[in-house]
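A quick write-up on the structure given underneath.
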Amino acid sequence: MENLSSKRFKRDFVDTFPGDDSGDLHPRQTPGVLYSKARPTPVRKPELVAWSAELADSLGIAKPNPDDIQILGGNLVTPTMYPYAACYAGHQFGNWAGQLGDGRAITLGEWESHHGNTSELQLKGAGPTAYSRRADGRAVLRSSVREYLMSEAMHYLNIPTTRALALVTTGDMVTRDMFYDGRPADEPGAIVMRTAPSFLRFGNFEMLAARNEIDNLTQLVNWTIERFYPHIEGDEKVLHWFGEVVERTATMIVEWLRVGFVHGVMNTDNMSVLGLTIDYGPYSFLDNYDPDFTPNTTDLPGKRYAFGKQANIAYWNLSRLANALVPMISDTGQLESQLRRYEDFYWSKYYAMMANKLGMDGINNEDDVKLVGELTKVLTAIQPDMTIFYQLLIDLPTDLATEEDMLNFFRSSLYGDPEPTDVTQLYAFVTNYQARLRANSCTREDSLLRMRKANPRFILRNYLLHTAIEELQRGENNLFLKLQHALKDPYSKNHDEFFKIRPGWATQQAGCSMLSCSS
Ligand code: AMP
Ligand code: MG
């Protein structure tokens with residue numbers, strides 16, 4: 001175990017690539033470089049709110065001492081650190097946005113653990129960088145709590161994600177117009193330290209291609225493969241690498257669908273090239289099952305990033321990455337066929353996931369596919385609570401004689417009275433489903449085990465986060481600690497005080513279902 005303040009950090013990324021070493025924090029375009037040096041801007045009084053002890057243990061990071069807390073607040077940069085903001089671009093809501101970059105994230109260095117793997121340690125909210133554009137480089141407690149808890153929750157749900165090591169309040173206030181209605185207010189500032197093997201996004205590659213910096217692009221692709229995809233070698237390695245990014249991205253999306261996660265801002269600058277869930281903003285879990293739900297108020301006009309569109313958007317985003325790789329691949333037909341593999345790969349993952357959620361030995365034929373389709377249709381019509389519905393399904397009795405019996409059984413997952421025709425549909429599904437379960441080649445125990453592993457019982461609902469944040473702002477951390485504890489075993493029945501549908505008051509309350517990007 002080593003302390004943040006006494007560790008020798010590695011700096012392979014900055015030593016490999018050209019960067020702007022000036023330390024100038026004024027917003028500007030930075031052609032020719034992959035990063036710009038950015039010292040965090042000191043804050044008044046960093047105080048530790050949360051520390052991820054298990055993550056720290058796995059990386060070999062010792063409990064924070066007073067110097068470490070100064071690091072977490074951006075007040076101390078040790079000699080082996082090289083603080084920088086990465087330069088990337090992206091497509092936002094389908095449009096080319098040009099250079100974006102880390103506007104409020106600063107990587108301090110690469111931490112090599114005792115197992116020999118390295119993680120970038122990054123502060124989010126540590127002040128302006130060359131890429132802050134017109135914004136302040138800061139983050140408020142509200143959005144920092146959301147990133148901290150949710151990235152950890154996703155990890156414990158077994159979903160690929162960046163992690164959060166620490167959360168500090170800064171002692172400074174930050175002004176935000178939370179509702180974009182011209183009524184800005186002061187909120188407490190905070191900083192999250194997050195970790196990942198790399199925070200590289202599709203947008204890092206798009207930036208270099210757009211600028212026609214082909215040497216930099218080639219070097220970045222080769223470096224990425226060498227470090228993060230070391231098993232890929234040979235003449236066609238770029239092609240194979242892209243194929244693997246396609247697969248990892250599809251896998252991540254299927255995992256989101258499994259638990260009902262909506263990212264909310266799937267711009268290409270928020271797509272990890274390692275297939276990790278990254279940049280937690282106005283995300284949400286589904287409460288009621290509505291494929292058309294987007295939690296992001298900015299996304300409302302087109303609902304581009306709605307729950308049910310995520311698989312298509314990921315494909316579109318991958319096509320943007322493919323486009324960025326064209327200068328490196330002479331045979332674009334091959335690049336296209338790697339991209340097109342997405343569809344088959346996605347569906348096979350999707351059906352394997354649905355089989356697990358339903359406790360089936362597989363989705364083996366047309367009838368099975370039809371059964372999944374029936375369920376999706378009736379869930380969309382009735383919109384029960386997704387999490388509770390699947391939990392109930394685990395305990396589905398075999399003797400539901402009537403539609404009414406069945407409806408009573410599912411009652412605790414419902415947000416309203418379903419239409420009689422939808423109830424009939426659900427009953428038909430249940431009947432077919434039970435017949436299908438009897439034909440399973442696996443044992444009942446095995447089937448139940450699959451369901452319990454695939455269906456979380458505790459999810460970090462927006463209204464819970466909202467309440468925990470309000471409490472924290474008043475100086476109480478009771479609910480925060482409970483959530484921090486519960487998210488560590490989301491598949492157990494140990495946290496059933498949270499096992500209920502979203503309460504009525506939270507339906508219209510801002511921050512409980514819809515969120516703005518203001519963070
Ligand atoms: P997002 O969609 O939230 O991931 O952010 C899009 C871009 O805006 C990224 O380049 C961010 O770094 C930048 N950004 C967001 N909030 C701020 C902020 N408060 N200060 C500076 N840059 C920001
Ligand atoms: Mg982002």
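Letter by letter, the sequence shown follows residues 1 to 519 of full-length UniProt numbering.
Glycine included, C-beta positions come from ideal geometry on N, C-alpha and C.
Identify the continuous alpha helix (DSSP H) that holds residue i and give its terminal residues.
i              : result
tyrosine 346   : 332-358
alanine 56     : 53-59
arginine 248   : 237-259
isoleucine 388 : 386-394
leucine 449    : 444-454
proline 66     : 66-72
proline 420    : 420-438
alanine 401    : That residue, alanine 401, is in no alpha helix (DSSP H); it is neither H nor E in DSSP.
threonine 224  : 214-228
alanine 62     : Taken as a continuous stretch (DSSP letters only), alanine 62 belongs to no alpha helix (DSSP H), as it is neither H nor E.
valine 14      : 12-16
glutamine 484  : 478-486
alanine 510    : Looking at the DSSP string, alanine 510 is not in any alpha helix (DSSP H), and its letter there is neither H nor E.
isoleucine 313 : 310-325
glutamate 233  : Element bounds for glutamate 233: n/a, residue is neither H nor E.
alanine 468    : 462-473
glutamate 206  : 202-210
Verify whether the separation of the beta carbon atoms of residue i and residue j is less than 8 Å.
i                 : j             : result
serine 272        : arginine 163  : no
cysteine 442      : threonine 298 : no
glycine 90        : glutamate 206 : yes
arginine 436      : tyrosine 463  : no
arginine 194      : leucine 165   : yes
alanine 135       : leucine 123   : no
leucine 515       : proline 282   : yes
alanine 311       : tyrosine 346  : yes
glycine 171       : glycine 125   : no
phenylalanine 261 : arginine 461  : no
glutamate 294     : tyrosine 280  : According to the sequence shown, residue 294 is threonine rather than glutamate. Contact: no.
glutamate 2       : alanine 97    : no
methionine 360    : aspartate 367 : no
glutamate 110     : arginine 11   : yes
glycine 60        : serine 119    : no
asparagine 455    : lysine 349    : no
glutamine 383     : leucine 141   : no
serine 151        : serine 519    : no
valine 378        : glutamine 425 : yes
Provide the residue span of the beta strand (DSSP E) that contains residue i, from first to last.
i           : result
alanine 166 : 163-176
glycine 98  : 95-99
leucine 379 : From DSSP, leucine 379 is part of no beta strand (DSSP E) but of the alpha helix (DSSP H) over 366-382.
For residue i, I'd like the list of residues in its chain whose CB is within less than 8 Å of its CB, leaving aside the five on either flank, ordered along the chain.
i                 : result
phenylalanine 409 : Leu392, Leu396, Pro397, Leu400
isoleucine 388    : Ser412, Ser413, Phe499, Lys500, Ile501
tyrosine 156      : Leu487, Lys488, Asp489, Pro490
asparagine 117    : Pro197
histidine 466     : Ala506, Gln509, Gly511, Cys512
leucine 72        : Leu4, Pro46, Leu48, Pro64, Leu123, Ala166, Val168, Ile191, Met193
asparagine 432    : Leu371, Glu374
glycine 234       : His240
Can you list, in chain order, the residues of its chain with a C-beta nearer than 7 Å to that of residue i? Leave out the 5 residues immediately preceding and following it.
i                 : result
valine 423        : Glu403, Leu407
valine 14         : Tyr35, Tyr82, Tyr84
tyrosine 315      : Tyr342
glutamine 29      : Gln99
cysteine 87       : Thr30, Val33, Leu34, Tyr35, Ser36, Gln99, Gly101, Tyr131, Met207
leucine 339       : Val246, Leu318, Ser319, Ala322
proline 184       : Thr175, Arg176, Asp177
isoleucine 329    : Val238, Leu239, Leu335
arginine 39       : Gly23, Val77, Pro83
phenylalanine 179 : Ala510, Ser516
methionine 292    : Looking at the sequence shown, residue 292 is not methionine but aspartate. Lys303, Ala306, Gly308, listed in sequence order.
So who's on the other strand from residue i, going by DSSP bridges?
i             : result
valine 140    : Gly189
tyrosine 84   : Lys37, Thr107
threonine 277 : Thr161
lysine 124    : Ala105, Val192
alanine 89    : Gln99
serine 119    : Trp111
glycine 285   : Inspection of the sequence shows that residue 285 is occupied by phenylalanine rather than by glycine. In DSSP, phenylalanine 285 forms a bridge with Phe261.
aspartate 20  : Ser36
glutamate 47  : Thr169
glutamate 2   : Ile61
Going by beta carbon distance, what residues of the same chain come within less than 6 Å of residue i, once the five residues before and after it are set aside?
i              : result
methionine 173 : Asp186
methionine 252 : Pro160, Gly275
alanine 468    : Leu479, Phe480, Leu483
valine 254     : Lys349, Tyr350, Met353
Is any beta-carbon of chain B found at less than 8 Å from that of residue i?
i             : result
aspartate 344 : The chain inventory of the structure shown lacks chain B, comprising one protein chain alone.
Say yes only if the C-beta of residue i is nearer than 7 Å to one or more non-hydrogen atoms of the ligand SAM, and no if none qualify.
i            : result
cysteine 517 : For the structure depicted, the ligand SAM is absent and the ligand set comprises only the ligand AMP and the ligand MG.
So which residues put a beta carbon under 5 Å from any heavy atom of the ligand MG, going in chain order? Asn270, Asp279
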